[in-house]
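Numbering (my numbering), first residue to last: 142 to 343.
Every residue gets a Cβ at the ideal spot worked out from N, C-alpha and C, and that includes glycine.
Just so we're clear, the structure is a prediction, and the values are computed from it rather than from any experiment.
Notes follow once the structure below has been shown.
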């Protein structure tokens with residue numbers, strides 16, 4: 142994430158990434174936090190989260206980005222969408238993508254459709270993460286270690302508070318749930334045994 146952000150800052154492209162779509166799309170599918178029909182769209186516009194423009198150029202102006210860049214991007218996207226192609230992000234290229242697409246989409250790829258008619262909408266895209274890759278170091282018993290690698294009596298950590306068992310990777314959403322459940326159980330077992338042995342538990 143950091144290298145990508147550094148490349149963006151160091152490049153000649155100063156426009157922040159945006160997800161852009163048409164009114165028909167926004168009323169049919171969610172875009173970030175904005176929900177489709179019957180949820181009204183105006184609260185997201187009023188908050189500034191969702192930008193709206195009558196044309197692609199108008200939308201670019203309201204987003205503070207280069208109109209020519211956005212217009213050429215949308216034009217290229219539309220051309221590929223009509224053919225069912227996505228050379229940039231490869232949407233719809235796997236059976237899973239196609240199964241998750243819209244079966245009523247009249248275009249070749251159920252995951253793609255041209256942005257044909259306004260008004261158009263956009264939300265800002267910023268780097269983020271679903272979970273932490275780091276946490277306090279523990280023993281296999283989930284006991285937290287101090288700077289000398291000695292367990293701190295009665296202190297445990299599990300889930301996102303524990304150093305990642307994934308080795309610094311985040312392979313899928315919810316991946317911390319399994320370690321949280323497993324080490325939560327282990328910590329509870331150890332704490333129960335420690336309490337019976339007269340050791341402090343916090």
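Original post:
Near residue 304, which residues of its chain fall below 8 angstroms by C-beta distance, leaving aside the five closest residues on each side in sequence?
Top reply: 275, 276, 277, 278, 279
### Query
Around the Cβ of residue 247, are there at least 16 other Cβ atoms within 10 angstroms (buried) or fewer (exposed)?
exposed
Under the three-state DSSP convention, the category residue 263 falls into | strand
Next on the checklist: Going by C-alpha to C-alpha distance, which of 198, 204, 322 sits closest to residue 258?
Outcome noted: 198
| request: Specify, as a first and last residue, the run of the alpha helix (DSSP H) that residue 190 falls within. | output: Neither: residue 190 is in no alpha helix (DSSP H) and is coded neither H nor E.
(message) In the DSSP assignment, the beta strand (DSSP E) including residue 312 goes from what residue to what residue?
(response) Segment: none, residue 312 is in no beta strand (DSSP E) and carries neither H nor E.
Margin query: Can you find the residues in the same chain that come closer than 6 angstroms, C-beta to C-beta, to residue 208, ignoring five residues on each side of it along the sequence?
Written below: 198, 201
Tell me the rounded alpha-carbon separation between residue 218 and residue 287.
53 angstroms
Closest to residue 284 by CA distance: which of 205, 319, 167, 329 is it? 329
In whole angstroms, what is the alpha-carbon distance linking residue 224 and residue 314?
-> 31 angstroms
Can you give me the Cβ contacts of residue 196 inside the same chain, cut-off strictly under 6 angstroms, excluding the 5 residues immediately before and after it?
259
Exercise for the section: Could you tell me which of 229, 332, 187, 263 sits nearest to residue 171, measuring between CA atoms? Expected result: 263
**Prompt:** Under the rule that 16 or more other beta-carbon atoms within 10 Å means buried, what is residue 99, buried or exposed?
**Reply:** One cannot answer for residue 99 here, as it falls past the ends of the chain, which runs 142 to 343.
For residue 197, three-class secondary structure by DSSP | helix
- Message: Pull the bridge partners of residue 161 from the DSSP assignment, please.
- Response: 263
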